[in-house]
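**Student:** What follows is a single structure, and I will ask about it in a moment.
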Amino acid sequence: MHKQTGQPGETASSSRTAMIEIIKVTKCYPPNVTALADISITIASGEMFFLIGKSGAGKTTLLKLLCNMEKPSNGLIEIAGMNIHQVTGNKLAKLRQRVGMAYQDFRLLTNRTVAENIAISMEVSYRKPQIIHDRVRNLLAQLQLEDKHDILTGDLSRGEQQRVALARAVANSPTLILVDEPTGNLDAISTEQVMDLLTRCNHSGATVVIVTHDEAIYRHTNHRIMKLHDGRIASLTRGSGSEQPFSVDIPDDAERMDKSGDMR
Amino acid sequence: MNFWLAVIRQTGRNLRQTWTTQLITCLTVSLSVLIFSFFYLIYLNMLSVGDKLSDNLHLVVYLEDEPGPEMQEQLRLKITQFDQVEKIRFISKEEAYNRFAKQLGDNREILTDMPTDFLPASIEVVPLRTLRSLRQVKLFSEYLATLPGSQKVQYGQQWVERFYSFIQLLSIIVLLSGSLLILTATFMVASTIRLTIFGRQEELELLKLVGATNSYIRTPFLLEGLLQGLAGALLGLSALYTLFQWTTHHISGAGFFNLLSFTFFPFTIISTIVLLSIILCAVGSYASMQKFLRV
């Protein structure tokens, strides 16, 4: 479950354990595309971290390396002290149970209901059906998708699918949450709900890494923001926002939008 | 929720989603179980028919002269040298005459002018009541013909040979249908599991990413195979049992069959067939997983 280490929102310091250590990581794709070059960064346990940059800057590649979907061409990645590209079998499975990932392409099972999709991440750690049921209801309520419980995810709008994918990522209360473009298809209100959920997870101890190019969600943050450009670290800055909970400026026309955030 | 509960839920879900394919596989398995066990049942029943017929089987060795007590002892020794026998009985010329007279019944007066020793003395040999003795009966008779003083050896030569070749034919059919069972059970289940694996590639990939252990992913496929084997065998055997009941009910009354009482498989054979089918299907599903499931 969550490991409470230090104050939420704190930056990496010597007093806190590192959740993610990326040391001189390079990723090349044949024939000669360098997606990432010489990336080194430490993300502390309990930190919220933003990864920004233009499309093709290497953000998603870095996330894929972090969740062991791909292996780096060079360098070392450690999560919770384990070299994730050397762990195999049940150890890897246990590690992945502690990492929640919301994919850019959602990876939902479109022939299963919303509830079943969210439950998958808890079923693999053999949680009790009652606990799974309650957790699913609770998450759907937080994301205002209560009425979609028994709908096939294939019948949902992109915005709804995105939120279901996020719910699945956080359902098993992972210690590390990786989210790829969590607000890409969402209106302002849904974006706020999503960010609230992620902030809550972060406050209860989870390390959260958010990949985005939506400026609205990191404009007011006080967390670290790393900008990638052509596979290299272009800048590593701290947001200048207050410690206030996340909020976005809601444009006037957003108020007229359907609250469920449908963007069919 | 513990591991097995989770796995059983997963299996149930798989079966629900792919029930048409699963049903076809199950029917194929049950059909091959039916074919195999059908011939095997006939084979077993024929063996017991053979047993019953060999109860009545005896070889008669006609002798040139009536043997004295010493000679009788020597002949007895010679016969048992070849094979163990159930019974050896010496029939004197007079005894043979009396038997014949008895058989003639009311017509016995035709014997009145005949001497009482016109029939030859003989030895009746009853071989052991096993099918092996049925197979050996020809060899045995050839051996008996070489006994000192033997004139002729008689037994139901024709039917014994025909029956034996019939049983041989049956055992070949049983072997062939057994191989059919092995092939269909293993390959059909393997290909069904392969199809399910291909059809659920996306889900399996996701399961891996959210941290499902290898056994969590694999066990449902193995269970599917086991269930296919179990259901297929039970279905096939119940179909055979129904067929058996129907047949025995409808042919009762017909002369020849009335003499033989057909029996269904004993429990041990039923459970062996079920177990065999389960193992074959599990092997099929395991082989498919090894080949197509990369976890």
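Chain order of the listed sequences is G and X.
Note that the working numbering numbers the first sequence so that position 181 is 181, with each residue one more than the last.
Note that the working numbering numbers the second sequence so that position 242 is 1242, with each residue one more than the last.
Where a beta carbon is used, it is the ideal one built from N, C-alpha and C, also for glycine.
Predicted model only: the values in this text are computed from it and were never measured.
Asparagine 1002/X versus chain A: which residues are under 9 Å apart at the beta carbon?
**Tutor:** Considering every chain present, this structure includes no chain A. Its protein chains are G and X.
**Student:** Do you know how far the Cα of leucine 1181/X is from the Cα of glutamine 1022/X?
**Tutor:** Rounded to whole angstroms, glutamine 1022/X to leucine 1181/X spans 17 Å at the Cα level.
**Student:** Contact defined as beta carbons within less than 8 Å: I believe phenylalanine 1292/X pairs with phenylalanine 1264/X. What is the distance between those atoms, to the nearest angstrom?
**Tutor:** About 40 Å; that fails the 8 Å criterion.
**Student:** For a test of the three-state rule: what should DSSP assign to cysteine 201/G, helix, strand or coil?
**Tutor:** Cysteine 201/G: helix per DSSP, three-state reduction.
**Student:** Can you pull the DSSP bridge partners for methionine 1071/X?
**Tutor:** None, per the DSSP bridge assignment.
**Student:** Any beta carbon from chain X within less than 8 Å of cysteine 67/G's own beta carbon?
**Tutor:** Yes, cysteine 67/G lies at the interface with chain X (some Cβ there is under 8 Å from its Cβ).
**Student:** Give, in chain order, every residue of the segment 101 to 117 of chain G whose Cβ lies closer than 8 Å to some Cβ of chain X.
**Tutor:** Here the close residues are Met101, Arg107, Leu109 and Asn111.
**Student:** I'd like to know if leucine 1207/X contacts chain G, where contact means its C-beta is closer than 8 Å to some C-beta of that chain.
**Tutor:** Closer than 8 Å to some Cβ of chain G, the Cβ of leucine 1207/X qualifies, so yes.
**Student:** Would you say serine 84/G lies against chain X (beta-carbon separation less than 8 Å)?
**Tutor:** Before going on, a small fix: residue 84/G reads as isoleucine here, not serine. Not an interface residue.
**Student:** Could you tell me which residues DSSP puts in a beta bridge with lysine 71/G?
**Tutor:** In the DSSP output, where bridge partners are listed per residue, lysine 71/G has none listed.
**Student:** Spatial neighbours of glutamine 161/G within its chain, please: C-beta separation below 7 Å, excluding the five flanking residues on both sides.
**Tutor:** Around glutamine 161/G: Phe106, Leu108 and Thr153.
**Student:** Could you tell me whether the segment 139 to 159 of chain G touches the segment 89 to 101 of chain G, using the rule of 3 or more Cβ pairs below 8 Å?
**Tutor:** Short answer: they don't touch.
**Student:** Report back the beta-carbon spacing between alanine 1006/X and glutamate 123/G to the nearest angstrom; my notes put them in contact at under 8 Å.
**Tutor:** 6 Å between Cβ atoms; contact.
**Student:** Between isoleucine 39/G and isoleucine 20/G, how many whole angstroms is the CB-CB distance? I'm expecting something under 8 Å.
**Tutor:** Not confirmed; about 11 Å, so no contact.
**Student:** Could you pull the DSSP bridge partners for leucine 1059/X from this structure?
**Tutor:** DSSP lists Val1125/X as partners of leucine 1059/X.
**Student:** Spatial neighbours of serine 1030/X within its chain, please: C-beta separation below 6 Å, excluding the five flanking residues on both sides.
**Tutor:** Hits under 6 Å: Gly1232, Leu1235 and Gly1236.
**Student:** Apart from the five residues on each side of it in sequence, which residues of its chain come closer than 6 Å, Cβ to Cβ, to threonine 237/G?
**Tutor:** Excluding positions up to five away in sequence, the list reads Ile225.
**Student:** Are threonine 1186/X and glycine 1284/X close, meaning C-beta to C-beta below 8 Å?
**Tutor:** In contact: threonine 1186/X and glycine 1284/X (Cβ atoms closer than 8 Å).
**Student:** Return no unless some Cβ of chain G is closer than 8 Å to the Cβ of asparagine 1214/X.
**Tutor:** So, interface residue.
**Student:** Kindly list the residues whose CB is nearer than 7 Å to the CB of leucine 1299/X, restricted to its own chain and excluding five residues on each side of it in sequence; keep chain order.
**Tutor:** The requested residue 1299/X does not occur in the structure, where chain X is confined to residues 1001 to 1295.
**Student:** In chain order, what residues of the same chain have a beta carbon less than 6 Å from the beta carbon of leucine 197/G, not counting five sequence neighbours either side?
**Tutor:** Around leucine 197/G: Gln142.
**Student:** Would a C-beta distance cut-off of 8 Å place tyrosine 1143/X and leucine 1222/X closer than the cut-off?
**Tutor:** Their beta carbons are not under 8 Å apart, which means tyrosine 1143/X does not touch leucine 1222/X by this criterion.
**Student:** Chain X partners of glutamate 123/G, CB-CB under 7 Å?
**Tutor:** Per Cβ cutoff of 7 Å: Ala1006.
**Student:** Taking C-alpha atoms, which residue in Leu228/G, Ser55/G and Pro174/G lies nearest to isoleucine 79/G?
**Tutor:** The residue with the shortest Cα to Cα distance from isoleucine 79/G is Pro174/G.
**Student:** Which of the three DSSP states, helix, strand or coil, is assigned to aspartate 38/G?
**Tutor:** Aspartate 38/G falls in the strand class under three-state DSSP.
**Student:** Could you give the C-beta distance for valine 1174/X and tyrosine 1043/X, rounded to a whole number, given that I count them as a contact under 8 Å?
**Tutor:** Sure, about 5 Å apart at Cβ, within 8 Å.
**Student:** Report yes or no: is there a C-beta of chain X within less than 8 Å of the C-beta of glutamate 243/G?
**Tutor:** At glutamate 243/G the pLDDT is 48, less than 50, meaning the model places this residue with poor confidence; the figure from the coordinates comes in the next sentence. Glutamate 243/G does not count as touching chain X.
**Student:** Roughly how many angstroms separate the alpha carbons of serine 1092/X and asparagine 1045/X, rounded to a whole number?
**Tutor:** Straight-line Cα distance between these residues: approximately 39 Å.
**Student:** Can you pull the chain X residues whose beta carbon is under 9 Å from the beta carbon of asparagine 138/G, in chain order?
**Tutor:** Near asparagine 138/G there are no residues of chain X at all, since even the closest Cβ is about 18 Å away, more than 9 Å.
**Student:** If leucine 228/G sits next to lysine 27/G, beta carbons under 8 Å apart, how far is it from one beta carbon to the other, in whole angstroms?
**Tutor:** At roughly 12 Å, the Cβ-Cβ gap does not stay under 8 Å, so leucine 228/G and lysine 27/G are not in contact.
**Student:** Should arginine 1099/X go down as buried or exposed, given a rule of 16 or more other Cβ atoms within 10 Å for buried?
**Tutor:** The residue is exposed, with fewer than 16 neighbouring Cβ atoms inside 10 Å.
**Student:** Can you pull the chain X neighbours of glycine 89/G, defined as C-beta to C-beta under 7 Å?
**Tutor:** Ordered by position in chain X, the residues that pass the 7 Å Cβ test against glycine 89/G are Asn1214.
**Student:** Can you give the Cα-Cα distance for alanine 1121/X and aspartate 1106/X, rounded to whole angstroms?
**Tutor:** Near 24 Å, if we compare the C-alpha coordinates of aspartate 1106/X and alanine 1121/X.
**Student:** On a CA-only basis, which of Gly231/G, Gly184/G and Ser240/G is nearest glycine 53/G? Give me that one, please.
**Tutor:** Looking at the Cα atoms, Gly231/G is the closest of the given residues.
**Student:** Hey, how far is the Cα of valine 25/G from the Cα of isoleucine 1193/X?
**Tutor:** Computed Cα separation, rounded: 40 Å.
**Student:** With a threshold of 7 Å on Cβ separation, who are the neighbours of threonine 1011/X within its own chain once the five nearest residues in sequence on each side are excluded?
**Tutor:** Correct list, in chain order: Pro1220, Leu1223 and Glu1224.
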